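*Asks:* Please read through the structure below; I'll follow up with questions.
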Amino acid sequence: MKNNTLNGKDIVDSVLNSYAQVFFSKSKLLAAFLIVISFFDYGAGIGGLISVFIANTLARFLGYNKYFLNSGLYGFNALLVGLGVGLFYQPSVPLYILIAVAAILTFFLTVVFQGVLGKYGLPYLSVPFLLAIWVVALSAGDLSALNISERGIYTYNELYALGGQAFVNFYDFLETHIRSSFIRIYFHSLGAIFFQTHLLAGIIIAIGLLIYSRITFVLSILGYSIAYLFYHLVGIEFNSLGYTFIGFNYILTAIALGGYYLVPGRVSYGWIILLLPAVVLITTSTQQIFLTFKISPYSLPFNVIVLMFLYALKLREVRPKKLVETPVQLGKPEKNLYLYSGNLKRFPSAYPVSASLPFYGEWTINQGHNGEHTHKGAWRHAWDFVITDKNGAQFKGSGDFHEDYFCFGKAVLAPFDGTVVEAVNNVEDNTIGDINTKANWGNTVIIKHNDYLFAKLSHLKFHSVEVKPGDQVKKGQIIGRCGNSGRSPYPHLHFQFQTTPYIGSVTLDYPFGHYLLKEENGFTQKNFDFPKNNQVVVNPSKNEILSETFHFIPGQRLKIDVEVDSKKQKWQKLAGNFELEVETDVFNTTYIQCPQNAAKAYLYNDEDLHYFTNFTGSKNTALYWFFISLFKVPLGFLPNSKINDSIPLNMMFGGILKFLQDFIAPVFLFLKVDYALTMKESGDILSSGDIEMTAEITKKIFGREAGKILAEIKIGQEGKIEINIEFNEDKIKLICQNELD
Numbered sequence: 101m102k103n104n105t106l107n108g109k110d111i112v113d114s115v116l117n118s119y120a121q122v123f124f125s126k127s128k129l130l131a132a133f134l135i136v137i138s139f140f141d142y143g144a145g146i147g148g149l150i151s152v153f154i155a156n157t158l159a160r161f162l163g164y165n166k167y168f169l170n171s172g173l174y175g176f177n178a179l180l181v182g183l184g185v186g187l188f189y190q191p192s193v194p195l196y197i198l199i200a201v202a203a204i205l206t207f208f209l210t211v212v213f214q215g216v217l218g219k220y221g222l223p224y225l226s227v228p229f230l231l232a233i234w235v236v237a238l239s240a241g242d243l244s245a246l247n248i249s250e251r252g253i254y255t256y257n258e259l260y261a262l263g264g265q266a267f268v269n270f271y272d273f274l275e276t277h278i279r280s281s282f283i284r285i286y287f288h289s290l291g292a293i294f295f296q297t298h299l300l301a302g303i304i305i306a307i308g309l310l311i312y313s314r315i316t317f318v319l320s321i322l323g324y325s326i327a328y329l330f331y332h333l334v335g336i337e338f339n340s341l342g343y344t345f346i347g348f349n350y351i352l353t354a355i356a357l358g359g360y361y362l363v364p365g366r367v368s369y370g371w372i373i374l375l376l377p378a379v380v381l382i383t384t385s386t387q388q389i390f391l392t393f394k395i396s397p398y399s400l401p402f403n404v405i406v407l408m409f410l411y412a413l414k415l416r417e418v419r420p421k422k423l424v425e426t427p428v429q430l431g432k433p434e435k436n437l438y439l440y441s442g443n444l445k446r447f448p449s450a451y452p453v454s455a456s457l458p459f460y461g462e463w464t465i466n467q468g469h470n471g472e473h474t475h476k477g478a479w480r481h482a483w484d485f486v487i488t489d490k491n492g493a494q495f496k497g498s499g500d501f502h503e504d505y506f507c508f509g510k511a512v513l514a515p516f517d518g519t520v521v522e523a524v525n526n527v528e529d530n531t532i533g534d535i536n537t538k539a540n541w542g543n544t545v546i547i548k549h550n551d552y553l554f555a556k557l558s559h560l561k562f563h564s565v566e567v568k569p570g571d572q573v574k575k576g577q578i579i580g581r582c583g584n585s586g587r588s589p590y591p592h593l594h595f596q597f598q599t600t601p602y603i604g605s606v607t608l609d610y611p612f613g614h615y616l617l618k619e620e621n622g623f624t625q626k627n628f629d630f631p632k633n634n635q636v637v638v639n640p641s642k643n644e645i646l647s648e649t650f651h652f653i654p655g656q657r658l659k660i661d662v663e664v665d666s667k668k669q670k671w672q673k674l675a676g677n678f679e680l681e682v683e684t685d686v687f688n689t690t691y692i693q694c695p696q697n698a699a700k701a702y703l704y705n706d707e708d709l710h711y712f713t714n715f716t717g718s719k720n721t722a723l724y725w726f727f728i729s730l731f732k733v734p735l736g737f738l739p740n741s742k743i744n745d746s747i748p749l750n751m752m753f754g755g756i757l758k759f760l761q762d763f764i765a766p767v768f769l770f771l772k773v774d775y776a777l778t779m780k781e782s783g784d785i786l787s788s789g790d791i792e793m794t795a796e797i798t799k800k801i802f803g804r805e806a807g808k809i810l811a812e813i814k815i816g817q818e819g820k821i822e823i824n825i826e827f828n829e830d831k832i833k834l835i836c837q838n839e840l841d
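Below you can see the structure in the form of structure tokens.
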């Protein structure tokens with residue numbers, strides 16, 4: 101276990117991230133912007149820093165989670181309290197003692213709500229700040245040793261003290277030329293998040309948001325605009341938002357739900373439009389209630405709507421594909437979106453179990469979903485499988501006998517690990533052309549994977565079933581033989597998924613996890629897909645060399661040698677010898693890191709496929725080229741088979757194109773990166789030679805090719821990986837060897 105002590109970098113990270121977390125970010129640049137504007141009122145700025153240091157110090161010495169500490173999650177609520185209290189009173193020793201006490205209170209409220217709301221998978225947002233600031237505000241009448249702040253009365257004098265006459269002139273220019281109340285109140289609402297009343301504070305925050313995240317910037321405008329329109333629609337006076345600390349509720353709600361806790365998209369944007377009027381109503385109504393106590397509701401409306409909506413989403417039985425909670429928080433809406441858009445097909449949340457085809461070898465679907473003869477209505481999501489020859493025939497000879505059919509007597513396999521809940525073995529096989537309507541499903545096995553997913557395999561051969569109810573089975577285990585029992589005029593295997601354990605249950609629309617589809621020029625690997633009528637499909641055969649090579653274990657070391665043939669100095673710097681390490685993070689996610697440059701390549705292995713899922717750090721590294729070349733590798737395959745995928749576009753695109761894409765990414769992606777891996781004929785899994793593959797990475801703009809990278813990959817029996825990469829006129833060679841003892 102790693103040491104939990106903090107070094108200097110940890111302390112700086114925890115402070116900066118405490119500021120950035122107010123906007124659900126860990127951007128150091130955005131944090132710098134926020135620290136600067138917090139000192140527009142020096143009392144608030146000092147109060148905020150004191151609070152952050154106290155909260156983070158408590159978290160450190162009491163032994164709380166280092167990841168949460170470094171991420172600023174223990175400090176941002178205390179920061180807001182320190183800013184608010186520091187703004188309200190004149191600087192003095194009693195004030196800073198009060199801020200220290202409030203910071204301690206806020207920290208423990210943070211821990212409490214982290215535990216309480218965390219049980220339901222909910223964030224605590226700024227609830228600790230609300231309770232602490234209200235406690236201080238309600239005590240204000242008895243705090244006789246503190247003097248109410250006079251700052252803000254003489255704005256220009258304070259600006260002069262901050263930046264001299266040039267600063268005053270610049271601010272006066274802004275006040276003179278920004279006359280639109282819509283724009284002014286937007287900037288005031290942004291500034292109010294950090295308790296600043298200056299127009300300039302909101303402008304600086306807006307610039308910081310634009311640099312940090314285009315999606316966040318757009319959402320801030322969207323949330324504010326919807327509220328503005330609703331205010332005018334129902335006749336609520338809007339200009340008060342320019343001098344009260346409540347307008348930010350609309351901005352934060354839009355950012356939280358539109359781009360942070362939900363994957364950004366058209367649907368999440370649509371829900372912002374629907375929910376913002378409710379935030380307006382809660383804001384105006386709570387204002388009236390809180391006026392009685394002479395305090396502000398602050399961020400209460402934002403907290404109520406966001407927590408209510410997120411909790412409601414937790415209770416869904418069916419999770420729509422287009423309204424998805426962020427599976428892994430990457431700290432930036434663009435990264436969440438680009439990663440999810442690629443991983444949606446890899447790890448569809450609706451299909452948590454990867455089921456394999458229930459047989460060996462090549463089989464043909466002679467009746468799929470919504471079949472011509474059966475598979476209709478509530479039973480439409482099913483497949484009938486047979487074996488055919490190269491001419492498409494199911495049998496040899498006359499086809500009058502069971503043994504004439506290629507599939508008769510062939511092994512039938514369990515599609516996933518589970519428990520046998522039903523096994524019928526005593527129905528005799530029909531003569532060819534006859535059917536048994538009394539025992540409609542014939543000999544049948546039903547396997548339970550969990551309380552919501554069962555598989556039923558029917559028309560099995562008489563007395564061929566090898567399991568009984570209660571037996572535990574493994575994926576790929578033989579459970580019986582293909583037969584001709586029940587309502588079956590000729591031998592075939594009926595297969596369906598269902599949600600209940602009974603023979604005759606209605607079908608479930610659920611895909612097979614990973615299988616190979618036979619095509620004219622070879623095989624294409626399909627992932628979480630539905631085989632269609634007349635398609636020929638086969639299970640990939642697992643290859644031990646690939647399984648061992650891509651079985652990365654925490655603590656494992658990989659030695660990688662890089663050779664470069666390029667005239668460009670940028671690529672020449674890649675040459676050298678490096679040592680990579682396999683580690684896991686706090687979420688138990690495996691990654692490979694390069695200690696020399698802190699780059700990390702995150703990966704996933706489901707025993708059928710190796711995936712790289714994400715990359716962080718410098719892209720001008722050997723690990724990056726290792727990442728994109730081996731982005732997706734099947735651990736089982738057939739010669740000349742192919743697998744396709746998409747690499748998150750932010751891994752390959754940058755500059756102005758990526759900047760422009762960010763603005764409209766939730767609505768439309770005009771950038772794309774295709775990944776295709778082809779197994780060569782020489783990589784026959786039955787041979788003892790090396791496995792050879794070719795990876796093509798194609799960058800596309802509006803569907804047109806904008807660049808291609810070709811990687812020739814060779815994997816030896818000893819686990820040695822050799823990758824030869826070509827793009828433009830440049831060549832990079834990677835030789836990777838497992839160094840695990």
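Residue numbers are given in our numbering: position 387 of the sequence shown equals residue 487, and the series is strictly consecutive. C-beta atoms are modelled at their ideal positions from N, C-alpha and C, and glycine is treated no differently. Everything numeric in this text was worked out from a predicted model, so none of it was measured.
1. Please classify E434: does DSSP put it in a helix, a strand, or coil?
2. Does any residue of chain C have a CB that is nearer than 8 Å to the CB of L771?
3. Rounded to the nearest angstrom, what separates I743 and I346 at their Cα positions?
4. Alpha carbon to alpha carbon, how far is N134 from N639?
5. My guess is that Y411 and L209 are in contact by the Cβ rule of under 8 Å, so how many angstroms apart are they, rounded?
6. On the DSSP letters alone, give me the boundaries of the beta strand (DSSP E) that K833 sits inside.
7. When you compare only the Cα positions, how much space is there between L238 and L391?
8. Taking the alpha helix (DSSP H) that D323 belongs to, which residues open and close that run?
9. Once the 5 residues before and after I305 are set aside, which same chain residues still bring their CB inside 6 Å of it?
10. Does the contact criterion of 3 or more C-beta pairs under 8 Å hold for the region 620 to 633 versus the region 652 to 664?
11. To the nearest angstrom, how far is it from the Cα of Y724 to the Cα of F188?
12. Thinking just about the alpha-carbon of each residue, which of I603, H502, T544 is nearest to the one in Q512?
13. Do K618 and V606 have their beta-carbon atoms positioned less than 8 Å apart in this structure?
14. When you compare the CB positions of L646 and L703, do they come within less than 8 Å of one another, or not?
15. Starting from N170, follow the beta strand (DSSP E) in both directions and report where the run begins and ends.
16. Going by beta carbon distance, what residues of the same chain come within less than 6 Å of Y360, once the five residues before and after it are set aside?
17. Going residue by residue through the region 688 to 743, where are the continuous beta strand (DSSP E) segments of at least 3 residues, counting only ones entirely within it?
18. Nearest-angstrom Cα distance between V212 and L116?
19. Looking at V662: is its Cβ nearer than 8 Å to the Cβ of L674?
20. Would the beta-carbon of D529 fall within 8 Å of that of S456?
21. Any idea if G783 is buried or exposed, counting beta-carbon neighbours within 10 angstroms, 16 or more meaning buried?
22. Across the region 582 to 601 and the region 472 to 486, are there enough close Cβ pairs to call them in contact, namely three or more that are closer than 8 Å?
23. Under the rule that 16 or more other beta-carbon atoms within 10 Å means buried, what is T383, buried or exposed?
24. Only counting the same chain, and skipping five residues up and downstream in sequence, which positions put a Cβ closer than 6 Å to that of V112?
25. Suppose you measure from the CA of E805 to the CA of I797; what does that come to, to the nearest Å?
26. Suppose contacts are defined by Cβ-Cβ distances below 8 Å. Is G172 in contact with A232 by that definition?
27. Check whether the region 431 to 438 and the region 592 to 608 are in contact - that is, three or more C-beta pairs closer than 8 Å.
28. So, T464 versus L362, is the Cβ gap smaller than 8 Å?
29. Name the residue from K548, F554, N525, V268 whose alpha carbon lies nearest to the alpha carbon of W541.
30. Let me check understanding here. Comparing Cα to Cα, which of Y196, Y286, E812 lies closest to L243?
31. Rounded to a whole number of angstroms, what is the C-alpha to C-alpha distance between W479 and K556?
32. Per DSSP, which residues does S746 bridge with? Please list them.
33. Suppose the cutoff is 8 Å on Cβ atoms and the five residues either side in sequence are ignored; what does the same chain contact list for I42 look like?
34. Residues bridged to A523 by DSSP?
35. Here's a check: name, in chain order, each residue in its chain whose Cβ is nearer than 7 Å to the Cβ of G461, leaving out the five neighbours to either side.
36. On the DSSP bridge assignment, give the partners of L616 in chain order.
*Replies:* Let's see:
1. Helix, per DSSP.
2. Absent here is chain C; the protein component of the structure consists of one chain.
3. Distance from the CA of I743 to the CA of I346, rounded to the nearest whole angstrom, comes to 52 Å.
4. According to the sequence provided, residue 134 is Leu. The question's Asn does not apply to it. Approximately 55 Å, taken between the alpha carbons.
5. Y411 to L209, Cβ: 20 Å. No contact.
6. 830 to 838 is the span of the beta strand (DSSP E), which, as asked, contains K833.
7. Looking at the two C-alpha atoms, the distance is approximately 12 Å.
8. Checking the displayed sequence, the identity of residue 323 turns out to be Gly instead of Asp. Start and end: 314 to 334.
9. Sequence-distant Cβ neighbours of I305 in its own chain, meaning closer than 6 Å and more than five residues away, are L290.
10. Here the region 620 to 633 does not lie against the region 652 to 664, with fewer than 3 beta-carbon pairs under 8 Å apart.
11. If you take the alpha carbons of Y724 and F188, they lie about 50 Å apart.
12. Before going further, note that residue 512 is Val rather than Gln in the sequence given. V512 has its Cα closest to that of T544, out of I603, H502, T544.
13. Not in contact: V606 and K618 (Cβ atoms no closer than 8 Å).
14. In this structure, L646 lies away from L703, with their beta-carbon atoms at least 8 Å apart.
15. No beta strand (DSSP E) holds N170; the alpha helix (DSSP H) holding it covers 166 to 170.
16. So the qualifying residues of the chain are F124.
17. With a minimum length of 3 residues, the continuous beta strand (DSSP E) runs that stay inside the region 688 to 743 are 690 to 694, 699 to 705, 709 to 716, 732 to 734.
18. Answer to the nearest angstrom: the Cα atoms are 23 Å apart.
19. It is a contact, given that the beta carbons lie within the stated cut-off.
20. In this structure, D529 lies away from S456, with their beta-carbon atoms at least 8 Å apart.
21. Confidence at G783 is low in this model, with a pLDDT of 43, below 50, so its placement is unreliable and the value that follows should be read with caution. Classification for G783: buried.
22. When Cβ pairs closer than 8 Å are counted between the two stretches, the region 582 to 601 is seen to touch the region 472 to 486, the count reaching three or more.
23. Buried is the call here.
24. Apart from sequence neighbours up to five positions away, no residue of its chain approaches V112 with a beta-carbon distance below 6 Å.
25. About 10 Å.
26. Going by C-beta atoms, G172 is not nearer than 8 Å to A232.
27. No, they do not touch.
28. Cβ distance not < 8 Å, so T464 and L362 don't count as in contact.
29. Ranking K548, F554, N525, V268 by Cα distance to W541 puts N525 first.
30. Ranking the options by Cα distance to L243, first place goes to Y196.
31. Those two C-alpha atoms are separated by around 12 Å.
32. Per DSSP, the beta-bridge partners of S746 are D774.
33. Any property of residue 42 remains undetermined from this structure, which presents the chain solely from 101 to 841.
34. V545.
35. Residues V638 of the same chain have their beta carbon placed closer than 7 Å to that of G461, with the five preceding and five following residues left out of the count.
36. In the DSSP assignment, L616 forms a beta bridge with Q625, V638.
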